[in-house]
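**Student:** If you scroll down you'll find the structure; I have some questions about it.
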Amino acid sequence: MKVFLNDVYLEEDSALISPLSPGFMYGYGVFETIRVSDKKALFLDQHHARMVRALSVLGMNCPYKENELQPLIGKLLDLNGVSEGFVKIVCSKPTSKKQSHQEADILILTGTKTYKEEYATGLKVCLADARRNEFSKIVNIKSMNYTENILEKEAATKRGFDEAVFLNTNDHVAEGCVSNIFWVKEGVIYTPSVNCGILEGTARARVILKCAELQIPVQEGAYSFEELFRADEIFVTNALMDIMPVSLLEDKNFDIGAYQVVPQLRGNGR
(Lines of atoms letter the chains of each structure in order from A; the text may use other names.)
(Lines give C-alpha, C1' and ligand atoms only; values in the text may rest on other atoms or scores of the structure.)
Protein backbone atom coordinates (compact mmCIF):
# COMPACT_ATOMS: atom_id res chain seq x y z
CA MET A 5 0.00 0.00 0.00
CA LYS A 6 1.31 3.41 -0.94
CA VAL A 7 0.69 6.59 1.04
CA PHE A 8 1.20 10.29 0.35
CA LEU A 9 3.41 12.10 2.87
CA ASN A 10 4.46 15.73 2.53
CA ASP A 11 4.55 15.92 -1.28
CA VAL A 12 5.84 12.37 -1.89
CA TYR A 13 4.19 9.02 -2.70
CA LEU A 14 5.83 6.28 -0.64
CA GLU A 15 5.43 2.67 0.38
CA GLU A 16 3.74 2.73 3.78
CA ASP A 17 6.78 1.15 5.49
CA SER A 18 8.95 3.98 4.18
CA ALA A 19 6.72 6.83 5.37
CA LEU A 20 8.49 8.49 8.29
CA ILE A 21 7.43 11.29 10.62
CA SER A 22 9.72 12.42 13.41
CA PRO A 23 8.96 10.70 16.75
CA LEU A 24 9.78 14.05 18.36
CA SER A 25 6.98 15.86 16.56
CA PRO A 26 4.04 17.09 18.68
CA GLY A 27 1.80 15.14 16.30
CA PHE A 28 3.36 11.86 17.40
CA MET A 29 4.15 12.80 21.01
CA TYR A 30 0.81 14.36 21.91
CA GLY A 31 -1.68 13.53 19.16
CA TYR A 32 -1.48 17.19 18.17
CA GLY A 33 -3.41 17.18 14.93
CA VAL A 34 -6.65 16.45 13.11
CA PHE A 35 -7.92 13.97 10.54
CA GLU A 36 -10.68 13.44 8.03
CA THR A 37 -12.09 10.16 6.72
CA ILE A 38 -13.70 10.56 3.31
CA ARG A 39 -15.84 8.12 1.39
CA VAL A 40 -14.59 7.05 -2.02
CA SER A 41 -16.96 5.98 -4.78
CA ASP A 42 -16.09 5.40 -8.43
CA LYS A 43 -12.48 6.44 -7.68
CA LYS A 44 -13.54 9.85 -6.38
CA ALA A 45 -13.41 11.34 -2.88
CA LEU A 46 -16.97 12.45 -2.12
CA PHE A 47 -17.79 15.84 -0.59
CA LEU A 48 -14.10 16.72 -0.40
CA ASP A 49 -15.00 20.41 -0.20
CA GLN A 50 -16.90 19.88 3.07
CA HIS A 51 -14.15 17.76 4.58
CA HIS A 52 -11.42 20.19 3.56
CA ALA A 53 -13.32 23.17 4.98
CA ARG A 54 -13.80 21.35 8.31
CA MET A 55 -10.14 20.35 8.39
CA VAL A 56 -9.02 23.93 7.77
CA ARG A 57 -11.23 25.16 10.62
CA ALA A 58 -9.94 22.45 12.95
CA LEU A 59 -6.32 23.22 12.11
CA SER A 60 -6.91 26.89 12.84
CA VAL A 61 -8.06 25.94 16.35
CA LEU A 62 -4.70 24.21 16.80
CA GLY A 63 -2.74 27.13 15.30
CA MET A 64 -1.82 25.38 12.04
CA ASN A 65 -2.38 25.75 8.33
CA CYS A 66 -3.36 23.09 5.79
CA PRO A 67 -0.60 22.52 3.22
CA TYR A 68 -3.04 22.20 0.31
CA LYS A 69 -6.14 23.91 -1.00
CA GLU A 70 -9.18 21.76 -1.77
CA ASN A 71 -8.67 21.91 -5.55
CA GLU A 72 -5.05 20.78 -5.07
CA LEU A 73 -6.02 17.77 -2.95
CA GLN A 74 -8.38 16.10 -5.42
CA PRO A 75 -5.72 15.20 -8.04
CA LEU A 76 -3.28 14.08 -5.30
CA ILE A 77 -5.95 11.78 -3.88
CA GLY A 78 -6.92 10.56 -7.35
CA LYS A 79 -3.36 9.48 -8.09
CA LEU A 80 -3.08 7.67 -4.74
CA LEU A 81 -6.33 5.82 -5.39
CA ASP A 82 -4.98 4.73 -8.78
CA LEU A 83 -1.67 3.60 -7.27
CA ASN A 84 -3.50 1.46 -4.70
CA GLY A 85 -6.23 0.26 -7.05
CA VAL A 86 -9.03 1.60 -4.83
CA SER A 87 -12.32 2.48 -6.51
CA GLU A 88 -14.68 1.99 -3.54
CA GLY A 89 -13.68 2.62 0.07
CA PHE A 90 -12.19 5.61 1.81
CA VAL A 91 -9.38 8.14 1.98
CA LYS A 92 -7.97 9.30 5.30
CA ILE A 93 -6.14 12.62 5.59
CA VAL A 94 -4.08 13.26 8.73
CA CYS A 95 -2.61 16.69 9.44
CA SER A 96 -0.28 16.87 12.44
CA LYS A 97 2.01 19.39 14.10
CA PRO A 98 5.59 19.02 12.85
CA THR A 99 8.85 19.47 14.73
CA SER A 100 10.14 22.99 15.26
CA LYS A 101 12.88 22.24 12.71
CA LYS A 102 10.37 22.38 9.87
CA GLN A 103 10.71 25.62 7.94
CA SER A 104 7.11 26.65 8.60
CA HIS A 105 6.10 25.32 12.01
CA GLN A 106 2.52 26.42 11.35
CA GLU A 107 2.20 24.29 8.22
CA ALA A 108 1.06 20.80 9.17
CA ASP A 109 2.64 17.51 8.17
CA ILE A 110 0.13 15.81 5.88
CA LEU A 111 -0.37 12.09 5.44
CA ILE A 112 -2.94 10.61 3.05
CA LEU A 113 -3.82 6.92 2.98
CA THR A 114 -6.52 4.75 1.43
CA GLY A 115 -8.66 1.81 2.48
CA THR A 116 -11.41 -0.40 1.11
CA LYS A 117 -13.90 -0.59 4.00
CA THR A 118 -17.51 -0.11 2.91
CA TYR A 119 -20.95 -0.66 4.47
CA LYS A 120 -23.48 -2.84 2.61
CA GLU A 121 -25.08 -5.62 4.65
CA GLU A 122 -25.50 -3.34 7.66
CA TYR A 123 -28.19 -1.28 5.91
CA ALA A 124 -30.46 -4.33 5.87
CA THR A 125 -29.82 -5.40 9.47
CA GLY A 126 -29.26 -2.05 11.17
CA LEU A 127 -26.68 -1.30 13.85
CA LYS A 128 -26.79 -2.37 17.49
CA VAL A 129 -26.04 0.58 19.76
CA CYS A 130 -25.30 0.74 23.48
CA LEU A 131 -24.55 3.46 26.00
CA ALA A 132 -20.88 4.35 26.48
CA ASP A 133 -19.38 4.33 29.96
CA ALA A 134 -17.34 7.51 29.42
CA ARG A 135 -18.84 10.99 29.17
CA ARG A 136 -18.36 13.65 26.53
CA ASN A 137 -16.89 16.84 27.94
CA GLU A 138 -18.91 19.56 26.22
CA PHE A 139 -16.53 22.19 27.64
CA SER A 140 -13.43 20.74 25.97
CA LYS A 141 -11.59 23.01 23.53
CA ILE A 142 -11.20 20.17 21.03
CA VAL A 143 -14.54 18.35 21.36
CA ASN A 144 -15.88 20.09 18.23
CA ILE A 145 -12.91 19.21 16.00
CA LYS A 146 -11.84 15.83 14.60
CA SER A 147 -8.74 15.59 16.75
CA MET A 148 -6.12 12.84 16.64
CA ASN A 149 -6.92 12.38 20.35
CA TYR A 150 -9.27 9.52 19.50
CA THR A 151 -8.28 6.84 22.02
CA GLU A 152 -11.38 7.21 24.17
CA ASN A 153 -13.61 6.70 21.14
CA ILE A 154 -11.69 3.56 20.18
CA LEU A 155 -11.80 2.16 23.73
CA GLU A 156 -15.56 2.66 23.97
CA LYS A 157 -16.16 1.16 20.52
CA GLU A 158 -14.04 -1.88 21.40
CA ALA A 159 -15.94 -2.27 24.67
CA ALA A 160 -19.23 -2.10 22.75
CA THR A 161 -18.01 -4.74 20.30
CA LYS A 162 -17.13 -7.09 23.16
CA ARG A 163 -20.73 -6.74 24.38
CA GLY A 164 -22.09 -7.59 20.92
CA PHE A 165 -22.87 -4.03 19.82
CA ASP A 166 -21.64 -2.08 16.79
CA GLU A 167 -21.53 1.43 18.23
CA ALA A 168 -21.76 3.25 21.55
CA VAL A 169 -23.35 6.62 22.22
CA PHE A 170 -21.94 9.12 24.72
CA LEU A 171 -23.86 11.21 27.18
CA ASN A 172 -22.24 14.49 28.22
CA THR A 173 -21.55 15.79 31.72
CA ASN A 174 -25.14 17.06 31.97
CA ASP A 175 -26.62 13.62 31.15
CA HIS A 176 -27.65 14.77 27.68
CA VAL A 177 -27.20 12.63 24.57
CA ALA A 178 -24.09 13.72 22.65
CA GLU A 179 -22.75 11.49 19.87
CA GLY A 180 -21.49 8.04 18.94
CA CYS A 181 -17.88 6.90 18.94
CA VAL A 182 -17.72 7.30 15.16
CA SER A 183 -21.08 8.84 14.34
CA ASN A 184 -23.68 11.49 14.96
CA ILE A 185 -27.06 10.32 16.21
CA PHE A 186 -30.61 11.20 15.14
CA TRP A 187 -34.01 9.89 16.12
CA VAL A 188 -37.60 10.30 15.02
CA LYS A 189 -40.60 10.81 17.27
CA GLU A 190 -44.05 11.44 15.83
CA GLY A 191 -42.63 12.66 12.52
CA VAL A 192 -40.09 15.08 14.01
CA ILE A 193 -36.34 14.42 13.79
CA TYR A 194 -34.24 15.20 16.85
CA THR A 195 -30.46 15.45 17.16
CA PRO A 196 -28.09 16.85 19.82
CA SER A 197 -26.95 20.41 19.28
CA VAL A 198 -23.30 21.41 18.93
CA ASN A 199 -23.41 22.73 22.51
CA CYS A 200 -23.89 19.16 23.75
CA GLY A 201 -20.25 18.42 22.88
CA ILE A 202 -20.34 16.88 19.43
CA LEU A 203 -18.35 16.89 16.23
CA GLU A 204 -20.41 18.41 13.44
CA GLY A 205 -20.26 15.58 10.94
CA THR A 206 -20.36 16.26 7.22
CA ALA A 207 -23.10 13.63 6.83
CA ARG A 208 -24.97 15.25 9.74
CA ALA A 209 -25.01 18.55 7.87
CA ARG A 210 -26.28 16.87 4.71
CA VAL A 211 -29.08 15.14 6.62
CA ILE A 212 -30.28 18.43 8.09
CA LEU A 213 -30.23 19.99 4.61
CA LYS A 214 -32.10 16.99 3.18
CA CYS A 215 -34.76 17.32 5.88
CA ALA A 216 -35.31 20.93 4.87
CA GLU A 217 -35.73 19.87 1.23
CA LEU A 218 -38.24 17.17 2.22
CA GLN A 219 -39.97 19.51 4.70
CA ILE A 220 -39.30 17.14 7.59
CA PRO A 221 -39.04 19.15 10.84
CA VAL A 222 -35.69 18.94 12.67
CA GLN A 223 -34.98 20.04 16.22
CA GLU A 224 -31.44 20.42 17.57
CA GLY A 225 -31.20 20.59 21.35
CA ALA A 226 -30.28 18.94 24.64
CA TYR A 227 -32.08 15.63 25.19
CA SER A 228 -32.04 12.89 27.79
CA PHE A 229 -31.28 9.24 27.06
CA GLU A 230 -34.90 8.47 27.97
CA GLU A 231 -36.07 10.66 25.09
CA LEU A 232 -33.80 8.76 22.72
CA PHE A 233 -35.00 5.46 24.15
CA ARG A 234 -38.65 6.38 23.42
CA ALA A 235 -37.93 7.12 19.75
CA ASP A 236 -39.93 5.65 16.86
CA GLU A 237 -36.84 5.44 14.63
CA ILE A 238 -33.12 5.89 15.29
CA PHE A 239 -30.27 6.33 12.84
CA VAL A 240 -26.61 7.31 12.94
CA THR A 241 -24.51 9.09 10.34
CA ASN A 242 -20.92 9.45 9.28
CA ALA A 243 -19.05 9.97 6.02
CA LEU A 244 -18.66 6.25 5.27
CA MET A 245 -22.06 4.99 6.46
CA ASP A 246 -24.02 8.05 5.35
CA ILE A 247 -27.41 7.21 6.95
CA MET A 248 -27.50 3.95 8.92
CA PRO A 249 -30.63 2.68 10.72
CA VAL A 250 -30.37 1.42 14.30
CA SER A 251 -32.11 -1.87 15.09
CA LEU A 252 -31.18 -2.20 18.77
CA LEU A 253 -30.59 0.36 21.53
CA GLU A 254 -29.36 -1.36 24.68
CA ASP A 255 -32.16 -3.95 25.20
CA LYS A 256 -34.82 -2.31 23.02
CA ASN A 257 -35.38 -3.64 19.49
CA PHE A 258 -36.49 -1.43 16.62
CA ASP A 259 -38.18 -2.81 13.50
CA ILE A 260 -36.23 -1.03 10.78
CA GLY A 261 -38.51 -2.59 8.17
CA ALA A 262 -41.31 -0.40 9.54
CA TYR A 263 -39.27 2.80 9.46
CA GLN A 264 -40.95 5.60 7.51
CA VAL A 265 -38.58 8.57 7.73
CA VAL A 266 -35.17 6.92 7.35
CA PRO A 267 -36.03 5.41 3.93
CA GLN A 268 -37.08 8.85 2.72
CA LEU A 269 -33.75 10.33 3.77
CA ARG A 270 -31.81 7.49 2.17
CA GLY A 271 -33.66 8.01 -1.09
CA ASN A 272 -35.49 4.69 -1.06
CA GLY A 273 -38.69 5.84 0.59
CA ARG A 274 -42.01 4.19 -0.03
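Just so we're aligned: the sequence shown equals residues 5 to 274 in my numbering. Quick reminder that beta carbons are idealized off the backbone N, C-alpha and C, glycines included.
Among Gly201, Val169, Thr125 and Asn10, which has the Cα closest to the Cα of proline 98?
**Tutor:** Residue mapping note: residue 98 aligns to position 94 of the sequence shown, counting from 1. Of the candidates Gly201, Val169, Thr125 and Asn10, the one whose C-alpha sits nearest the C-alpha of proline 98 is Asn10.
**Student:** DSSP beta-bridge partners for isoleucine 185?
**Tutor:** Here the question's residue 185 lines up with position 181 in the sequence shown. Beta-bridge pairing links isoleucine 185 to Val240.
**Student:** Roughly how many angstroms lie between the CA atoms of leucine 83 and lysine 146, to the nearest whole one?
**Tutor:** In the sequence shown, residue 83 corresponds to position 79, counting from 1. In the sequence shown, residue 146 corresponds to position 142, counting from 1. Each residue's alpha carbon lies about 27 Å from the other.
**Student:** Going by other Cβ atoms of all chains shown within 10 Å of its Cβ, with 16 needed for buried, is isoleucine 154 buried or exposed?
**Tutor:** Against the sequence shown, residue 154 aligns to sequence position 150. Under this definition isoleucine 154 is an exposed residue.
**Student:** Leaving out five residues before and five after leucine 127 in sequence, what residues of the same chain have Cβ atoms less than 6 Å from its Cβ?
**Tutor:** As a working mapping, residue 127 is identified with position 123 in the sequence shown. Once the five neighbours on either side are set aside, the close Cβ partners of leucine 127 are Asp166, Glu167, Met248 and Val250.
**Student:** In the DSSP assignment, the alpha helix (DSSP H) including tyrosine 30 goes from what residue to what residue?
**Tutor:** In the sequence shown, counting from the first residue as 1, residue 30 sits at position 26. Segment 26-30, the alpha helix (DSSP H) holding tyrosine 30.
**Student:** Could you spell out the range, first to last residue, of the beta strand (DSSP E) harbouring asparagine 172?
**Tutor:** The residue you call residue 172 lines up with position 168 of the sequence shown. Per DSSP, asparagine 172 belongs to the beta strand (DSSP E) from 167-172.
**Student:** Please name the residue in Asn137, Gly85 and Gln106 whose C-alpha comes closest to that of leucine 113.
**Tutor:** Reading the sequence shown from its first residue, position 109 is the one you call residue 113. Measuring from the Cα of leucine 113, the nearest candidate turns out to be Gly85.
**Student:** Taking contact to mean at least 3 C-beta pairs separated by less than 8 Å, is the segment 130-138 in contact with the segment 29-36?
**Tutor:** Too few Cβ pairs lie closer than 8 Å, so no.
**Student:** From the DSSP output, in three-state form, read off valine 143 for me.
**Tutor:** On the sequence shown, residue 143 is found 139 positions in, with the first residue counted as 1. Of the three classes helix, strand and coil, the one that applies to valine 143 here is coil, per DSSP.
**Student:** Provide the residue(s) that pair with glutamine 268 in DSSP beta bridges, ordered along the chain.
**Tutor:** Along the sequence shown, one-based indexing puts residue 268 at 264. According to DSSP, glutamine 268 bridges with nothing at all.
**Student:** Return the CA-CA distance between asparagine 257 and serine 41, expressed in angstroms with no decimal places.
**Tutor:** Sequence index remark: in the sequence shown, residue 257 carries index 253 (1-based). Sequence index remark: in the sequence shown, residue 41 carries index 37 (1-based). One C-alpha to the other measures close to 32 Å.
**Student:** Helix, strand or coil, according to DSSP, for isoleucine 220 in the structure here?
**Tutor:** What you label residue 220 is simply residue 216 of the sequence shown in a count that begins at 1. Of the three classes helix, strand and coil, the one that applies to isoleucine 220 here is coil, per DSSP.
**Student:** Where do the ends of the beta strand (DSSP E) carrying valine 91 lie?
**Tutor:** Counting from 1 along the sequence shown, the entry for residue 91 is found at position 87. Taken as a continuous stretch (DSSP letters only), the beta strand (DSSP E) holding valine 91 covers 89-96.
**Student:** Within its chain, find whatever has a CB closer than 6 Å to the CB of tyrosine 119; leave out the 5 residues flanking it on each side and keep chain order.
**Tutor:** Along the sequence shown, read from residue 1 onward, the residue named residue 119 stands at position 115. These residues qualify, in order along the chain: Met245.
**Student:** Could you tell me the distance, in whole angstroms, from the CA atom of methionine 64 to the CA atom of serine 96?
**Tutor:** Taking the first residue of the sequence shown as position 1, residue 64 is located at position 60. Taking the first residue of the sequence shown as position 1, residue 96 is located at position 92. Each residue's Cα considered, the two are about 9 Å apart.
**Student:** For proline 26, is the classification buried or exposed, using 16 other Cβ atoms within 10 angstroms of its Cβ as the cut-off for buried?
**Tutor:** Numbered from 1 along the sequence shown, position 22 holds the residue referred to as residue 26. Buried, by the Cβ-count rule.
**Student:** Here's the rule: buried if 16 or more other CB atoms are within 10 angstroms of the residue's CB, otherwise exposed. What is arginine 39?
**Tutor:** In the sequence shown, counting from the first residue as 1, residue 39 sits at position 35. Burial call: buried.
**Student:** Around the C-beta of arginine 163, are 16 or more other C-beta atoms found within 10 angstroms, so that it is buried, or is it exposed?
**Tutor:** Taking the sequence shown and counting its residues from 1, one reaches residue 163 at position 159. Looking at its Cβ environment, which holds fewer than 16 other Cβ atoms inside 10 Å, arginine 163 is exposed.
**Student:** Could you check whether the segment 176-185 touches the segment 226-239, counting it as contact only if at least three pairs of C-beta atoms, one from each stretch, sit closer than 8 Å?
**Tutor:** Contact between the segment 176-185 and the segment 226-239 is present, because at least three Cβ pairs lie under 8 Å.
**Student:** For the beta strand (DSSP E) that serine 251 lies in, which residues bound it at each end?
**Tutor:** To locate residue 251, count along the sequence shown from 1; it is residue 247. Here the beta strand (DSSP E) through serine 251 covers 246-253.
**Student:** In its own chain, which residues sit with a C-beta less than 8 Å from the C-beta of cysteine 215, not counting the 5 before and 5 after it?
**Tutor:** Counting from 1 along the sequence shown, the entry for residue 215 is found at position 211. Cβ within range, chain order: Ile193, Pro221, Val222 and Leu269.
**Student:** From Thr161, Asn149, Phe186 and Gly89, pick the residue whose C-alpha is nearest to that of glutamate 237; which is it?
**Tutor:** In the sequence shown, the residue the question calls residue 237 occupies position 233. Checking every option, the nearest Cα to that of glutamate 237 belongs to Phe186.
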